[in-house]
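*Asks:* Last residue of the sequence shown: number 469 in our numbering, and the count goes up by one each step with no gaps.
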Amino acid sequence: MSDRKSSRLLNWIKLGRRRKPNSASSKVADELKFESLESRELLALTTDVPSIQGTVFLDSNQDSTLTAGEEQAGVTVQLFLDDGDGVYETNGEDTQFGTDLASDVDGTYSFTGIDGNAGYFVVQPAQDLAGVHLGEKISSLIQPGNPNLVIDAFSSAQSAQANPPAPSSDGSTLLFADEAEVLGAERDMFVELVSGVGEVQFVVNPFGLLPVLQFNSSSGVQGQAVVTWDGQDLSSSPTPAMGLNGRDLTQGGVNLGIGMKIGIDSAGAGELITFRIYQGDAATFSEASGAIPVTDGSASGYLFIPFSDFSGPVDPTNVDAIQMEIGNGNLPSADAQIDFIGVVGPAVFNVANDAGSDLAITKSNITDTVPAGSEVTYTILVENLGPLDVAGAVVQDTFPTELENVTYTSTTTGTVSGNTASGTGNISDTVDIASGSTITYTVTGTLNSAITGTVTNTATVTAPPDR
Numbered sequence: 003m004s005d006r007k008s009s010r011l012l013n014w015i016k017l018g019r020r021r022k023p024n025s026a027s028s029k030v031a032d033e034l035k036f037e038s039l040e041s042r043e044l045l046a047l048t049t050d051v052p053s054i055q056g057t058v059f060l061d062s063n064q065d066s067t068l069t070a071g072e073e074q075a076g077v078t079v080q081l082f083l084d085d086g087d088g089v090y091e092t093n094g095e096d097t098q099f100g101t102d103l104a105s106d107v108d109g110t111y112s113f114t115g116i117d118g119n120a121g122y123f124v125v126q127p128a129q130d131l132a133g134v135h136l137g138e139k140i141s142s143l144i145q146p147g148n149p150n151l152v153i154d155a156f157s158s159a160q161s162a163q164a165n166p167p168a169p170s171s172d173g174s175t176l177l178f179a180d181e182a183e184v185l186g187a188e189r190d191m192f193v194e195l196v197s198g199v200g201e202v203q204f205v206v207n208p209f210g211l212l213p214v215l216q217f218n219s220s221s222g223v224q225g226q227a228v229v230t231w232d233g234q235d236l237s238s239s240p241t242p243a244m245g246l247n248g249r250d251l252t253q254g255g256v257n258l259g260i261g262m263k264i265g266i267d268s269a270g271a272g273e274l275i276t277f278r279i280y281q282g283d284a285a286t287f288s289e290a291s292g293a294i295p296v297t298d299g300s301a302s303g304y305l306f307i308p309f310s311d312f313s314g315p316v317d318p319t320n321v322d323a324i325q326m327e328i329g330n331g332n333l334p335s336a337d338a339q340i341d342f343i344g345v346v347g348p349a350v351f352n353v354a355n356d357a358g359s360d361l362a363i364t365k366s367n368i369t370d371t372v373p374a375g376s377e378v379t380y381t382i383l384v385e386n387l388g389p390l391d392v393a394g395a396v397v398q399d400t401f402p403t404e405l406e407n408v409t410y411t412s413t414t415t416g417t418v419s420g421n422t423a424s425g426t427g428n429i430s431d432t433v434d435i436a437s438g439s440t441i442t443y444t445v446t447g448t449l450n451s452a453i454t455g456t457v458t459n460t461a462t463v464t465a466p467p468d469r
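(1) In the DSSP assignment, find the beta strand (DSSP E) that holds residue 190 and state where it starts and stops.
(2) Going by CA-CA distance only, name the one from 204, 343, 411 and 144 that's closest to residue 336.
(3) Evaluate residue 427 with the Cβ neighbour count: other Cβ atoms within 10 Å of its Cβ, from every protein chain shown; 16 or more gives buried, anything less gives exposed.
(4) Should residue 93 go down as buried or exposed, given a rule of 16 or more other Cβ atoms within 10 Å for buried?
(5) Report the start-end ranges of each beta strand (DSSP E) in the segment 331 to 367 that is 3 residues or longer and not cut off at the edges.
(6) Could you give the first and the last residue of the continuous beta strand (DSSP E) run that contains residue 296?
(7) Just reading off the beta strand (DSSP E) that residue 382 is part of, what are its end residues?
(8) Could you say which of 377, 384, 343 and 380 lies nearest to residue 360 if we only look at CA atoms?
(9) Residue 297: which of 338, 168 and 63 sits nearest, CA to CA?
(10) Residue 131: which of 125, 105 and 67 sits nearest, CA to CA?
(11) To which residues of the same chain is residue 470 closer than 6 Å at the C-beta, ignoring the five residues directly before and after it?
(12) Exposed or buried, what is residue 143 when buried is set at 16 or more other beta-carbons lying within 10 Å of its beta-carbon?
(13) From which residue to which residue does the beta strand (DSSP E) around residue 1 run?
(14) What's the C-alpha gap between residue 70 and residue 150?
(15) Less than 8 Å between the CB atoms is what I'm expecting for residue 270 and residue 294, so what's the real figure, rounded?
(16) Which runs of the alpha helix (DSSP H) fall wholly inside the segment 428 to 469 and span at least 4 residues, in chain order?
(17) Among all the DSSP beta bridges, which residues are the ones paired with residue 175?
(18) What does a CB cutoff of less than 6 Å around residue 393 pick up in its chain, not counting 5 residues either side in sequence?
(19) Is residue 55 buried or exposed, if buried means 16 or more other CB atoms sit within 10 Å of its CB?
(20) What would DSSP say about residue 158, mapped onto helix, strand or coil?
(21) Here's a check: name, in chain order, each residue in its chain whose Cβ is nearer than 6 Å to the Cβ of residue 156, leaving out the five neighbours to either side.
(22) Excluding sequence positions up to five away, which residues of its chain have a Cβ less than 8 Å from the Cβ of residue 84?
(23) Would residue 200 pass as a contact of residue 222 if the rule is Cβ separation under 8 Å?
(24) Leaving out five residues on either side along the sequence, give the residues of the same chain with a beta carbon under 6 Å from the beta carbon of residue 16.
(25) What residues match up with residue 327 in a beta bridge as DSSP calls it?
(26) Does residue 120 come out as helix, strand or coil in the three-state DSSP assignment?
(27) Should residue 188 go down as buried or exposed, given a rule of 16 or more other Cβ atoms within 10 Å for buried?
(28) Only counting runs of 4 or more residues, tell me where the alpha helix (DSSP H) segments fall wholly within the segment 233 to 272, in order along the chain.
(29) Using a 10 Å radius around the Cβ and a threshold of 16 neighbouring Cβ atoms, would you call residue 169 buried or exposed?
(30) Per DSSP, what are the beta-bridge partners of residue 398 in this structure?
(31) Going by beta-carbon coordinates alone, are residue 136 and residue 129 separated by less than 8 Å?
(32) How about residue 176 and residue 197: are their beta carbons less than 8 Å apart?
(33) Leaving out the 5 sequence neighbours to the left and right, which residues in its chain are closer than 8 Å to residue 2 when beta-carbon positions are compared?
(34) Would you say the segment 391 to 411 touches the segment 439 to 453, given that touching needs at least three Cβ pairs under 8 Å?
(35) Please state whether DSSP places residue 100 in a helix, a strand or coil.
(36) If we define contact as Cβ-Cβ less than 8 Å, is residue 452 a contact residue for chain C?
In structure tokens:
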């Protein structure tokens, strides 16, 4: 009878199949994917504005666009208020707004009740969901009060001033080369002194230092001020021309109303700003008003007037002229500013998660029981089960000291690079492996002649951190 010792060789598989993390924990800008205006139409979550909403999805087809069937339910999403520097920080300077949300059954989320003058970051914290690791995702700065369509940015200087004796009026027209600052490429201003001794004034960007529309009226006077956007007609008349030619202010349903940064001093508390949208002629319009936020007179408040508040026959999808009025002839002495006027909808940030690839590693040997001092041969199979190619996966096998004189070779199928064709000692390869491709390592070594019991060996494949 032989007195040779035997040893049991146990091929312990650390990673039988491992899904790659979807993203690195570091904040990488190109991980963030915003949807175009067209894709925003997929959302119908809320009519609240300002708001931030979106859909969490697993980008299975790698087109960076939300496709039906890619939605992810139950994903935790957070909202953080920017401290004013436009950079997301984890040191407590950017504070969480409200509580965590979980994406709905259709992948959607919505943050409402937010400040139109503030900036926010949407954060998807790193998490594991249904066996899939979702990496941290952080949006760029989102300013939900900013317009999708600018009516007037009030950058180019212009003024109109009505002086006593009352009644008196004044008008001003300013043409533009394009619509970058003003919708319709013309701003028409009209002011009227109704009663009192003093002036009523509209001035845009006074002294060229402050891009706002400023309304001023002297103590003891009453008056009104009107701005009209009706295309290029070279007239400051408060009777609008119809030069916007059926403009769709909703931009296909994306926008829900008119928003502005605005404020009035305490003397004007309770005063309204009124908007009219016209179609066809000056007698056909819809109208809505909103209370001007009371500030120190600066444009530090935010006002949103939804299209649903407009009364009249004109629909915001077909507009020939827009008019804004402050005072309606009854505004007492007050100072007010408007930073911008625009058409606003919910801000949209869709969270695109990398679908990742499924990496698998399997070890096999001919027999589980091997005599000490004998040669042993086994294989390590590394597979990329898809759906994505992987660059930078690490294959490692650190052999136990009981296995001596280790040599190995490797062969591949499909598209693979970075594997060591033949070598000695431990395996440590950083490989690029396309979806559906494989690497087969054939390992040969000799068990130490004095060994008894069980020898354990572990092989791993690790996805790169950006997967």
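The C-beta atom is built at its ideal place from N, Cα and C for all residues, glycine as well.
*Replies:* Inspection of the coordinates gives the following:
(1) 188 to 197
(2) 204
(3) exposed
(4) exposed
(5) 337 to 346, 353 to 356 and 360 to 367
(6) Neither: residue 296 is in no beta strand (DSSP E) and is coded neither H nor E.
(7) 377 to 386
(8) 384
(9) 338
(10) 105
(11) Residue 470 lies beyond the residue range present for the chain, which begins at 3 and ends at 469; the question has no answer from this structure.
(12) exposed
(13) Because the chain is modelled from 3 through 469, residue 1 falls outside the range shown and cannot be assessed.
(14) 25 Å
(15) 7 Å
(16) none
(17) 190
(18) 434
(19) buried
(20) coil
(21) 206, 213, 214 and 215
(22) 90, 96, 120, 121, 122, 123 and 143
(23) yes
(24) Legend: pLDDT at residue 16 = 32, less than 50; position of this residue unreliable, no value from coordinates given.
(25) 228 and 276
(26) coil
(27) buried
(28) none
(29) exposed
(30) 430 and 462
(31) yes
(32) no
(33) Lying before the first or after the last residue shown, residue 2 is absent from the chain, which here runs from 3 to 469.
(34) yes
(35) coil
(36) Included in the structure is just one protein chain, with no chain C present.
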